[in-house]
Each structure stands twice: as structure tokens, then as C-alpha cells.
Amino acid sequence: MQTRYFTISDYPQGTPARELFELHAQELPALADGEVRIRNSWLSVDPYMRGRMSGVTTYIAPFALDAPLEGAAIGEVIDSRDPNLSVGTKVRHMAGWRDIAQLPADEVEPLPSHDVPEQAYLGVLGMPGMTAWTGLNHIAEMKEGDNVLVSGAAGAVGSLAVQLAKAKGGTVVGIAGTTEKLEWLKSHGIKAVSYRDKDAAQLTEALNNACPEGFDVYYENVGGDCLEAALNTLKVGARIAVCGLIARYNENEPSPGPSNMAMILIRRARMQGFIVFDHWANYPQFLDEVGPQVARGEIDYTETVEQGLERTPDAFLALFEGANTGKMLVQL
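Take a look at the structure:
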């Protein structure tokens, strides 16, 4: 059996060119004891993957050049030499960017049993959802009645963060770009503020108009002008959870930090970055809490879906153009 997979042959500077991604095919070896073969049905592309294309180890090793790229995926076991994973089992694993995956069974997990579409375990009930829940509850320690600001508020992480925050009863403001995303936020009772055609001062004014009393919690996905404006609108004792800085991922040179970092001192605020994998021991708690809400339709989620393995690089690059509402996925 053949597998088709994407590689990169060089580490890009700035925004990766589409031509950087090369599609290959090769014959798979015979299954060894303890291995499984999986036909992937859904692939995840996520902003953090850009950091793995830098050639530098951060909190995770970089992608190896000319080797299959990796990412979360869902598929079905089609051959198995492991007694715990039978043929037909639906599973999640990290051998994405390919159509057929072959890997040790201990790197594969059967899907949980909530009554949701299987791809939800790559989005609202997967790493992005867990990231939203962790940042609000364990990092920012969100409380009832907190006013919450979320940047990237209609993306895979932000779209759940605003709904979890809204359930706590305070004012929730989401920063987004396109008309579609702003309307989605408004339809869920979220005050929506566009960052388009606004510098930090103008965005500050828009946030102050949306929530004059200021914010107890800022959930940071973007950086840049969004962070600078958010710092201007904090309450005393505010907490900032930093899960991503997508505005900087494709920069050729580091940009200067916000000019108003003094607001951290003035507002006596706490700002903490986090990596969700450090908190994965809490995933069962997240799933127990949020899974039933998703299954009952109490939490809405959206997906942007590209069709076919060949479109995986295009789906990934679209993340940096703000082209996705909710989770960006590739369906095979």
C-alpha cells in the first residue's frame, strides 16, 4: 500500500510560499508487531505549525526537512498488529499531512464516545478547544461576572473562548476581521470589534466603547496592535493568558514589543504564556465538562473545510490570511 504525504525542503523566511510544500508517494513497509495502519479522513492545520517550519526548537522540535510533516489527524484503522486496536476503530493521532498513516499503536488513541461528528475531536473537543478552556480557567482564572476580551475571536480557539466566557455572565468582547466573523460573534451575544484599518489607538477607542469599565481577562491569540490596545483597556488586577501571537509568526525580523508595557505595572496585571500540552493531564476534565455541552448543541462551533489531501498546504496558508471561521480542516 502507498502513502502520499507532504514535506518541506527548506525552512522559509517570512510567509511560506506554496511551492515549499512537496507531495510525495512511497510504498509502506509491512506492519511490524505493535503497529497499526490508518486511513486518514480528517487533517488539522494549526498556526503553531509555522513555528515548526523555522528550523529552531521552541517548545517542540522543528519539522525535519524532506520528511513527512506532522499534525493532528483522525482516521480509521485498516490493518492492525496490536491487540488493543482492531480494524474499524476510529482514532486520533499526530501523523497528519498524509492519507495513510502507519505508526506504533501507543501513538494512537481511540476517539472518545460523545455523540459528535468525529472531526470535532480536532477542533472544539480537541487541542483548540482544550487550549481555550485551559487559558480561561487555569491561566486567567476566569470568575463569574468577569469582563473578557478575546483576540482572534472567531478562530478555532477564540470561538470557544468567547462562548465559555459568555457563560460566566460578564461583558465579552471579541476582536475579529471579516464581516462574516463579526456577524458570527454578534449572533452569539458577543460584542464584536474589527481590527481592520485600525491602529492601536483606534482599536483602543473601539474597545473602550464596547466595554467602558475595562477587562478583567484578556485572552491573547494575536499580538501586535491587538495586544497594545488590550493593555490600554485592562482593569486593575487583570489577568492575561497568552496562547498565541499569530501576527508575528511570518515576520522576517522581530518586531518591537508594545510601547505601553507599563500598563502591566499600572494595572497590576498578570500576563502568562502557556502551552496546552503542559496541561494535557486536564483533558479528561475538559472533555467531561465541554463534551456534553457540544453534544447537546449548547456550544456552537464552526469549521472551514478544504477538500482533498492536495489542498492541505493551501488550508494551512489560509490561516495567516484570516480566511477561516472556526477550525480549519482538510477532509480526505
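For the record, in the sequence shown the residue sitting at position 214 is 207 according to this note's numbering, with numbers rising by one throughout.
Beta carbons are placed, not taken as given, at the ideal position from N, Cα and C, and that holds for glycine.
query: By Cβ distance, which residues of its chain are closer than 7 Å to GLY162, with the 5 residues on each side in sequence left out?; result: GLU137, GLY138
query: What residue range does the alpha helix (DSSP H) around GLN156 cover?; result: 151 to 159
query: In terms of alpha-carbon separation, which member of LEU175, GLU12, THR127 lies closest to LEU157?; result: THR127
query: Taking the straight line between their C-alpha atoms, what separation do you get for LEU118 and LEU153?; result: 10 Å
query: Within a Cβ cutoff of 7 Å, which residues of the same chain sit near THR305, ignoring the five residues on either side of it in sequence?; result: PHE(-1), LEU36, VAL38, TRP90, VAL323
query: Between VAL166, VAL215, VAL109, MET46, which has its C-alpha nearest PRO205's C-alpha?; result: VAL166
query: How far does the beta strand (DSSP E) with ILE233 in it extend, from its first residue to its last?; result: 227 to 235
query: So does the stretch 144 to 152 actually touch the stretch 212 to 225, counting three or more Cβ pairs closer than 8 Å?; result: yes
query: Is PRO76 buried or exposed, if buried means 16 or more other CB atoms sit within 10 Å of its CB?; result: exposed
query: With DSSP as the reference, identify every bridge partner of TRP35, one or two as the case may be.; result: ILE67, GLN324
query: Would you call ALA194 buried or exposed, if buried means 16 or more other Cβ atoms sit within 10 Å of its Cβ?; result: exposed
query: If we ignore side chains and look at the alpha-carbon of each, how far apart do THR82 and GLU246 end up?; result: 46 Å
query: Look at the alpha carbon of VAL141 and the alpha carbon of GLN278, and state the distance between them as a whole number of angstroms.; result: 23 Å
query: Alpha carbons only, please: which of ASN317, GLN286, GLY207, ILE233 is nearest the one belonging to GLU134?; result: ILE233
query: Here's a check: name, in chain order, each residue in its chain whose Cβ is nearer than 6 Å to the Cβ of ALA98, leaving out the five neighbours to either side.; result: GLY27, VAL29, ASP75, LEU78
query: Comparing alpha-carbon positions, which option in HIS272, MET254, GLU20, ALA169 lies nearest GLU314?; result: ALA169
query: Among MET256, MET123, ALA199, TYR4, which residue has its Cα nearest to the Cα of GLY284?; result: MET123
query: Report yes if the C-beta distance between ILE67 and GLN112 is below 8 Å; otherwise report no.; result: yes
query: Starting from the C-beta of PRO103, find all residues in its chain whose C-beta is less than 6 Å away, skip the five residues before and the five after it, and write them out in chain order.; result: THR82, VAL84
query: Alpha carbons only, please: which of LEU13, ALA223, ALA65 is nearest the one belonging to MET46?; result: LEU13
query: Would you mind reading off the limits of the alpha helix (DSSP H) that contains PHE279?; result: 276 to 288
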